[in-house]
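Notes for the one structure printed next.
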Amino acid sequence: MAPTIVNVMYPAAASADFNMDYYLSKHMPLVQKNWGPHGLESWTVGVLDKETSGHHVQAVLVFKDAEGFKTAVAEDKEVMPDVANFTATKPSIWIGGVAGAWKA
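Residues 1 to 104, numbered by the working numbering, are exactly what the sequence shown covers, in order.
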């Protein structure tokens with residue numbers, strides 16, 4: 001089973017109302033707590049150059065496999081509703097697999 005990568009991208013328009021403190025201190029720990037049992041292995045949050053990317057924030061979630069992600073979302077009762085607590089802007093979500101990787 002190959003890892004599944006989930007990219008959650010918040011558009012540049014979200015920068016005006018995006019509460020990064022809440023996102024990092026409350027939302028991402030909620031993601032970890034609820035989705036960890038379904039194979040969430042790691043998450044990383046990046047702040048992007050709005051001018052060149054058209055996006056403001058990117059969260060990269062790595063799941064053990066696609067089934068774990070599907071189960072996490074299907075059983076979710078807290079993570080998705082919590083989005084309204086840090087932004088009014090809907091993210092784009094891109095899901096894919098790992099084709100190659102390197103780590104020092």
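Quick reminder that beta carbons are idealized off the backbone N, C-alpha and C, glycines included.
Exercise. Does the distance from the CB of F18 to the CB of H56 come in under 8 Å?
Worked result: yes
For this session: Count the CB pairs spanning the stretch 89-98 and the stretch 41-53 that are closer than 8 Å, and state whether there are at least three.
Result: no
Problem set entry | Given 8 Å, three or more beta-carbon pairs between the stretch 94-104 and the stretch 23-34 | no
Exercise. Considering only the beta carbon of each residue, do A12 and K70 sit closer than 8 Å?
Worked result: It is not a contact, given that the beta carbons lie outside the stated cut-off.
For this session: Taking all protein chains shown into account, decide if A16 is buried (16 or more other Cβ within 10 angstroms of its Cβ) or exposed.
Result: In summary, A16 is exposed, with fewer than 16 beta-carbon neighbours lying within 10 Å of its beta-carbon over all protein chains present.
For this session: Helix, strand or coil for A59, going by three-state DSSP, please let me know.
Result: strand
For this session: State the CB to CB distance for the pair E41 and F63, rounded to an integer number of angstroms; the pair is presumed to be in contact (CB under 8 Å).
Result: 7 Å
Exercise. Out of curiosity, what's the CA-to-CA distance linking D76 and M28?
Worked result: Cα to Cα, D76 sits roughly 14 Å from M28.
Exercise. Exposed or buried, L61, counting other C-beta atoms within 10 Å across all chains shown (16 or more means buried)?
Worked result: buried
Exercise. Beta carbon of D65, beta carbon of G36: below 8 Å?
Worked result: Their beta carbons are not under 8 Å apart, which means D65 does not touch G36 by this criterion.
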